[in-house]
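I have placed the structure first, in the form of structure tokens, so that the comments after it can refer back to it.
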Amino acid sequence: MDEWKYLIALLLVALSSLRLPTVDSIKDGSGAANGATAATVPGSATARSTGSRSAPQAIASLSSASIVAALAARQNNAAAAAAAASAAAAASGTVGNGGAVAPNRCNLAQFRCGNGTCIASSKYCDGSFDCLDKTDEPKFCTACNRTLYGEVGRTYELQLQPHQLLQFLQQQQQQQQEEGNVKNAYPFLCHLNFTAPGGAYGDIVQLNFAKFSVGKFVPSMNLGGGLMQSYQPHQQQEQHQSSHQHEACLEGYMTIREQGLPNLNGKWCGTASGYTIYYSETKSVNVSIRLDRLPPMSGSNGVANALEFRLIYKFLRQSDAKLRSENRIWNGDRVPGTYCNRNFYDCDKRICRIRSPNYPGIYPRNLTCKYYINHRTPPSGLHAMIVLRQPDGHKLNIKEQATSHHEASTRILRSWEQCDVEQDYLTIHDGKSLEAPEIGRICGGDVLPDIVSSGPDMMVQFRTSPYDVPFHPKPITFLPGFELEVHVLYVNSNSQSYIRQPGRCEFSISAFESQTGELESPQHTLPPESSCIYHFQGRRHETVWISFIKYHSAIDPTGFESPAECVTQLRIWDGRWSVTSRPYGIHPEYTRNASLIEQICREEVPRLCSRSLIAKGSRPCSTQESYLSTGSDLTIEYRPSPIGTARLYGPASAFKLRYEFVDNSLGGAPLEPLIAPSAMPEPAALVQFHPKSCDRVFRSSSASRGIFRSPSNVFLYGRGGSPNISCTIRFEAGIGESVRLSITRARFGGRSCQNMQNRSGRWHCNHHSGPIADLRISEVPWTDIPPLPRDCLCSDVSSSINLAPLAASIVEVRFTAMQMEVDQDFRDFYFEGRYEFEKDECETDWSVRRLRGRSGDALLKPTSCPALIQPWLLEPETEGSYLVLKMKGFWMPPLLHSAPPCPTDARITVYSTNNPKNSRDLCPSGPDVVAFSDGWDNAYEYSALEISKSLIIEFKSSRKPREFEGNEYKFSWMEIYPGNDCPYKCQELQACIPRELWCDGKVHCPSGQDESPTECDHRMPLSPLHVGVAAATLTLFLSLAAGLTACARRKRVEKKHQLQAHHVDTNGRYPHHPAYAHSNPHHHMASSHALTPIYLDPTKDSFC
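The structure is reproduced here in structure tokens:
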């Protein structure tokens, strides 16, 4: 009992030293305007602090630890007293000057009871007695109009008690009536200030609205009729606040205002489900509650149970707010004088994040934030674009208004027309201001795909409705508000992946810039209902070939409605489609000079050739998998968002294609007419007719010199679907002209082959293995036989090669590549050369140089054109026969260093017409040598191959013709046959020769066997002269015998007629026969039997 008396004495001493605080009331603008009287709060912390103090003053404290110390002193327990004193010092948390504990003082976060003890300031007027003297619950008190502090690490709770508010209002009305003031006690204003002065009292304030039911929230009606039906320009959205009904919050609301920031005048009202967290941006937050009336009474005690306001608050150090205070993340520079406008730049060098105000808590009402993003200077040759994204759905939660179409509990990214302008939403603009095209509008939370600007500037605007119910996203682990990542995307400044002029998505792809390449749809986001036009413009001799290798159709992910008609997303036009007018927000006007190739609806895809993305070396794209123009122009119309219902497709609705300008020029004129198909497919440009023949002719009448090259038409090569190519280029010179050719460059796909040049300056191809690819040069001296091969090139040529001059007026170049791979084209196989028709006044009679017969000889001598190699053609006369050629000289070996000295620079080259590779050079000085037709070595074996048995003989010398006078080289030839038992056979040749060449007086066998006496005497062959003489003698003898016989017969006949005759007239004529005359008096001629024969004349000597 004595202990309690001693304790009461101590309390009385403490009360005697207690200084009662002044009343601290906080009024906001609305409360002052309404003339409301603020409630006074005795013992508030702000009443104990003066404006002259820069730091909280130590306040006397009498806590439970102090009571323990008093009891210990009463029992004279010094040790216990010392321990209790230490506990009291630790509990008070304040230290006076010199480090001593200041007794009987409370800190900023505490309320001092009437007896001097300290309790948490949040326990004042909480409906329960916490002070022993019950001074924390005075009559008619409320928890309003206070400034509250707190210690870091502790959690406080504050709750408005409805019965206390009712008692307070009744007392206010009674007091006013007593004073004769009939003014209504409503509206009731309750101001709560939460301040974090720093240090142990924190830097920011965390407010958790555990229970909230203030007033009534009546959703406003959109004067536009609910959800937005289509995309509208920004100017039509500026008036969205005026479409709200004024009485959106009925009977009361709550406002939140922060120190040093503009007043937003946003209101919270209605009944919230769950809890709502608010994090302050500054050190001081004012929470004001206005009640225009208390809710209806209910319950037996007659208090209002519809008003609920329970607040749990904490004070945090800035360093403890990990999510907000990450050192690596930059939230931009706040624009002075604004609530939340911020500038961002250089986001390629740091981590930029756009956050809603008060993130990661709920954001204020009636808010407009503008975030300006700019990339200052991109690297040289690159173009910068701003990327906005959020791959984590829990970091994007914007308050949604529940509608009949979209339930608030459904987590889906809501955008464009799904957004009601009365609710909270984000808009993204492709530029520096609101006048720039709007490329995104978001009003619901989920994963945000990339939204990309077309240039280095982007503006993001965040707007919230003036009033709403406090909320927390579902599930509760998600954070309210949003955080958006900002990145910088670089593309080639010369690419076609971004638009150059905002609001005008038009690209021009010219063959003068690139002959082939890949084209992607814009890598940035486009406004709804945008149309992108791609103009492919080639040269007049080119056509346009495009093949889609990737295509992503813009299908609505929220539903798959089936439109009654095609919603066009892609059109391909054969020709030019030029823009004449393109007003923003309205479909552009065009002038079309094109025919439609194909139209792709939203649910469809164009012809695809995507296998090249899967496997390299796949077969080439065919015309059935791609598109080909008929002329030099092709136009693509692409609509990323093909219907009025816009979505955040952005660059996700995309395509990628390969384009190529196909070069159809070949030079010269067609070697033969190309016959096109009689009917083209419909539409005409689906399958373009490309002639597979690349044969051309160059005539001197058109140009005397120029360049000729292999074709560049991809459809003639492996990549275009043709594994083999064979082109013939013919040069036709005029009278007195010759053809000069040089090959400047060539490539043959790395085939295994080597160019080799012989002594005569002619090039040959040494093929090792694998498919053939070469360039063969031939001349056509005689038009009725195949061209004569002259030169062959098969390995790469990097420096110019001048080919040997050709004598014929017609020269052909044949370019061949066999078995090309599917990825090879004119860049792997090509050649280029120069031609010139030179006037040398050289005429060659080719009929004289074409020799045919069983045998013969001719003379080789220079012509008036010594630089030309003029061939002789030897052809066998008999089918199945071969030729053997005999000349004087010796064969030159193929290696130059092993060649014996030749007394002359003249050379004779011999080769078969179809095998110039095996040509041999002869030095025309020495003994007789022979050469055979191709195939003679295997003449005794069967071969299915048809081999040309003709021989070409060429004479070449650098000396002038006059220097060769008297120096002529003779060659001879004859036909030979294979055989083992033939009677006329040259043993040294092992060949049979024609019978008429045997013993004809002329030596044909190299050994002279055919004219040896042994062979000729034994066989006694008759020469034609002997046969002729014998025939003439026999004829003369037979004629003489026949004449003598005739003479004898004639003598006998004459004698017989003389005996029968009666008389003869004087004229020597016989008279007419009487009988004959009587029977035929009118006949003027006598019978033949009565006449003398015509060869008999009696008046003259007879023949005999």
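Counting with mature numbering (1 follows the signal peptide of the UniProt record, and there is no 0), you get residues -25 to -1, 1 to 1079 for the letters of the sequence shown.
Ideal placement from N, C-alpha and C gives every residue a C-beta, glycine not left out.
Where does residue i sit, in a helix, a strand or coil, going by DSSP?
i            : result
K374         : coil
P988         : helix
W866         : strand
P441         : coil
Q145         : helix
W391         : helix
A223         : coil
I597         : With the sequence shown as reference, residue 597 is identified as Ser, and Ile is not the correct amino acid for it. DSSP places S597 in coil when its eight states are reduced to three.
E154         : coil
H404         : strand
residue 1114 : The structure shown does not extend to residue 1114, since the chain spans only -25 to 1079, so no value can be given for it.
S679         : coil
residue 1083 : Given a span of -25 to 1079 for the chain in the structure shown, any question on residue 1083 remains unanswerable.
R694         : helix
D294         : The displayed chain sequence assigns Ser, not Asp, to residue 294. S294: helix per DSSP, three-state reduction.
C1022        : helix
Can you say whether residue i is buried or exposed, counting buried as having 16 or more other CB atoms within 10 angstroms of its CB?
i            : result
Q149         : exposed
S408         : exposed
V260         : buried
residue 1085 : Outside the displayed range of the chain (-25 to 1079) lies residue 1085, so it cannot be described from this structure.
S390         : buried
Q398         : buried
Q145         : exposed
A708         : buried
P581         : buried
H516         : exposed
N741         : exposed
Which same chain residues, not among the five before or five after residue i, have their C-beta less than 6 Å away from its C-beta?
i    : result
G954 : C967
S856 : E950, Y952
F315 : Correcting the residue identity first, residue 315 is Cys in this sequence and not Phe. Closer than 6 Å at the Cβ level, and outside the excluded window around C315, lie P332, C344.
V463 : C322, D323, H350, A359
N777 : S717
Could you compute how far the alpha carbon of residue i sits from the alpha carbon of residue j?
i     : j    : result
E410  : S640 : 49 Å
C327  : H404 : 18 Å
Q574  : S604 : 15 Å
E850  : R882 : 22 Å
W821  : W757 : 7 Å
R970  : Y959 : 6 Å
G864  : D903 : 6 Å
V461  : T130 : 36 Å
L225  : W243 : 11 Å
R299  : D803 : 60 Å
D909  : S744 : 23 Å
C100  : C165 : 14 Å
T81   : R87  : Sequence inspection shows Cys at residue 81; the Thr mentioned does not correspond to that position. Spanning the two alpha carbons is a distance of roughly 6 Å.
Q211  : S468 : Any answer about Q211 is weak, because its pLDDT of 42 lies below 50 and its placement is not dependable; what the coordinates show is given next. If I take the Cα positions, the gap works out to 35 Å.
L269  : G336 : 29 Å
R827  : C596 : 54 Å
S887  : F523 : 52 Å
S1014 : R825 : 46 Å
T989  : E963 : 17 Å
T879  : L858 : 27 Å
Which residues in the same chain as residue i place their Cβ atom closer than 8 Å to its Cβ, once the five residues preceding and following it in sequence are excluded?
i     : result
E787  : T703, I704, R705, F706, I752, S753, E754, V755, P762
L1019 : none
S679  : E811, F812
Just to confirm my understanding: we take residue i, look at its own chain, exclude 5 residues before and 5 after, and list those with CB closer than 7 Å. What are they?
i    : result
D771 : A721, R722, F723
T170 : T122, Y124, K258, S259
D832 : K945, F946, S947
L239 : Y314, P339, R340, N341, L342
List in chain order: all unbroken beta strand (DSSP E) runs of 3+ residues lying wholly within the stretch 473 to 551. 481 to 485, 491 to 495, 507 to 512, 517 to 526
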